[in-house]
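In the numbering used here, the protein residues as written are 4 to 241.
Read through the structure below, which is laid out as structure tokens, and then see the notes.
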């Protein structure tokens, strides 16, 4: 059975349709996060290490698919943001994540669009939130393209490194790469939860204090020729 899995994996990694499947699955994953595409991208990275695929082509296919799916989520957010917000049950993790994404996008800009993709369902929620608050389209496209390329390169590199380390057995390379990726994701999630649970430090509040204005009877207007008037303090006895 194991030998059969190895043969099936070798055939799939050498398929000429693999890149098209990656584009489609990555797009669906960005739109509906119930369909994971990371496993296929890692497998393609393993195939690139074995010479069955080109690593740059794998990264390009994964980036394109993720970008298309994120843009679709952004468009849905712009058109149906209020509907999406209403369908989220208050108190659920996704509702809290949606509210947090909206707040972060409003206060800190688009950097969250780069980091949210490493949170489960984060990039989909971030795209919907960005569309709902009318985040500038040009800026969103730029952040999405950069983030999609970064995440695709990271996932494909996991598979490539695993395939290079276990070149004699692609199945073991795939399992090891998946395990490493899952561990890194879990650690990142724990760090995020710990940081989110910390109270924000109180910021000092600045108050504007107006200087006292002297009584009007202690000021007189001096005019010199045609020069503009100026105020001068004079000592006027009561």
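Cβ coordinates follow ideal geometry from the N, Cα and C atoms, glycine included.
Identity of the residue in the options nearest residue i by Cα
i	options	result
residue 47	194, 156, 189	156
residue 20	61, 96, 127, 174	61
residue 147	138, 117, 173, 172	117
residue 143	181, 78, 16	78
residue 43	193, 181, 197, 186	181
residue 145	74, 190, 158, 193	74
residue 18	197, 64, 55, 99	55
residue 110	93, 171, 138	138
Residue i vs residue j beta-carbon contact at 8 Å
i	j	result
residue 25	residue 72	no
residue 132	residue 104	yes
residue 184	residue 161	yes
residue 66	residue 34	no
residue 173	residue 22	no
residue 82	residue 120	no
Beta-carbon proximity list for residue i, same chain, < 8 Å, skipping 5 on both sides
i	result
residue 209	Summary for residue 209: the model assigns pLDDT 49, below 50, so the residue's position carries little reliability, and this model does not support an answer.
residue 39	32
residue 163	48, 49, 51, 52, 58
residue 1	An answer regarding residue 1 cannot be provided, because it is not within the stretch 4 to 241 covered by the chain.
residue 179	165, 168, 169
residue 158	41, 44, 45, 48, 65, 184
residue 100	122, 124, 125, 128
Same chain, Cβ closer than 7 Å to residue i, five either side skipped, listed in chain order
i	result
residue 115	104, 107, 108, 129
residue 80	87, 130, 131, 132, 133, 134, 135
residue 175	169
residue 27	68
Own chain, CB closer than 6 Å to residue i, minus 5 neighbours either side, in chain order
i	result
residue 177	46, 49
residue 102	none
residue 29	40, 65, 68, 69
residue 113	142, 146
Residue i, DSSP secondary structure in three states
i	result
residue 105	helix
residue 57	coil
residue 17	coil
residue 171	coil
residue 40	coil
residue 112	coil
residue 124	coil
residue 185	helix
residue 48	helix
residue 206	Bear in mind that the predicted position of residue 206 carries a pLDDT of just 49, short of 50, making it unreliable; the figure below should be weighed with that in mind. Coil.
residue 144	helix
residue 96	helix
residue 91	coil
residue 35	coil
Residue interval of the alpha helix (DSSP H) (run including residue i)
i	result
residue 136	First-last for residue 136: undefined, no H or E at that position.
residue 115	115-118
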